[in-house]
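Shown next, in C-alpha cells, is the structure this report addresses.
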Amino acid sequence: MVDFTREEVEAAIEEYAATLVEEEDEFIDDNDDEETAEPEEEVEEEVEEETTEAPEPAETSELSAPEEELEKEDDPKEVFEGKDLSGLDLSEINFQGISLKNTNLKTTNLANSTLSNSNMDQVDLSEANLSNAEMENVSCLETTATNANFTLAN
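Under the numbering used here, the first residue of the sequence shown carries the number -7, and numbering increases by one thereafter.
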C-alpha cells in the first residue's frame, strides 16, 4: 500500500524547503552578528579561558548522541526513505537534495521532475517514467531500473 499521496509528498517537500530557508536565514544572521560583534569576541574569549578549567562531565556527550539520532529521524529530507510511493503521479515535483533511499518507486511517474543531488540508493524504479527528469549528481547504488523510461533525462 502506498505510504503517501501526491499532496502529502508536496507538503513534505514544502516543509523541507522551509527548513532550508530557516537554516539559510540563521546563517545570514550569524554572519551579520559576527561582523558587528568583533569587540564582544575579545570579552567572550576571556570568559571562555576562565571557564575552560572545569572539564565537562562525560555524561553530556552520551546524551547528545541520542539527541542527534532523534534529529536525524525527524530530518525532512529523509521523510521518504524506505517508503512506498509506487504508482503515484509525481511528475514535475522538485526532489532536489531529498533522500529517496530504499524507496519503492515502481511504476511511478517522475516525468519532468528534478532529482538532482538526491540519494536514490536501493530504489526500485522498475517501469517508472523518468522522461525529461533532471538527474545530475544522483547516487543510484543497487537501484533497480528494469524497463524504466529515461528518455531525455540527464
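For every residue, glycine included, the Cβ atom is placed at its ideal position computed from N, Cα and C.
Inset, instruction - With DSSP as the reference, please indicate the residues paired to D76 in a beta bridge. - result: N96
Inset, instruction - Check whether the Cβ atoms of F68 and T106 sit closer than 7 Å, and answer yes or no. - result: For the sequence presented, residue 68 should be read as Pro rather than Phe. No, these two residues do not count as a Cβ contact at 7 Å.
Legend entry - Cα-Cα separation between E54 and I90, rounded to whole angstroms: With a pLDDT of 47 at E54, under the threshold of 50, the modelled position of that residue is not reliable, and no figure is offered here.
Legend entry - C-alpha distance - E(-1) paired with A140, whole-angstrom precision: 24 Å
Inset, instruction - Measure how close the beta-carbons of A137 and S118 come, nearest whole angstrom, since I'm counting them as under 8 Å. - result: 7 Å
Legend entry - Same chain, Cβ closer than 8 Å to N124, neighbours up to 5 away in sequence not counted: A103, N104, T143, L144, A145
Inset, instruction - Check E6 in the structure and name its three-state DSSP category. - result: helix
Inset, instruction - Using the Cα positions of A120 and N96, report the straight-line distance between them to the nearest angstrom. - result: 10 Å
Inset, instruction - Counting only the same chain and skipping the five closest in sequence on each side, list residues whose C-beta sits under 7 Å from that of T100. - result: L77, S78, G79, L80, L82, A120
Inset, instruction - Using only alpha-carbon positions, find the residue among K98, D113, I5 that is nearest to L122. - result: K98
Legend entry - Strand pairing of N104, partner residues [DSSP]: Its beta-bridge partners do not exist; DSSP assigns none.
Legend entry - Whole-angstrom distance between V(-6) and M127, CA atom to CA atom: 24 Å
Inset, instruction - Could you check how far apart the C-beta atoms of E134 and Q114 are, in whole angstroms? I think they sit under 8 Å. - result: 5 Å
Inset, instruction - Mark V35 as exposed unless 16 or more other C-beta atoms lie within 10 angstroms of its C-beta, in which case mark it buried. - result: Legend: pLDDT at V35 = 46, less than 50; position of this residue unreliable, value from coordinates given subsequently. Looking at its Cβ environment, which holds fewer than 16 other Cβ atoms inside 10 Å, V35 is exposed.
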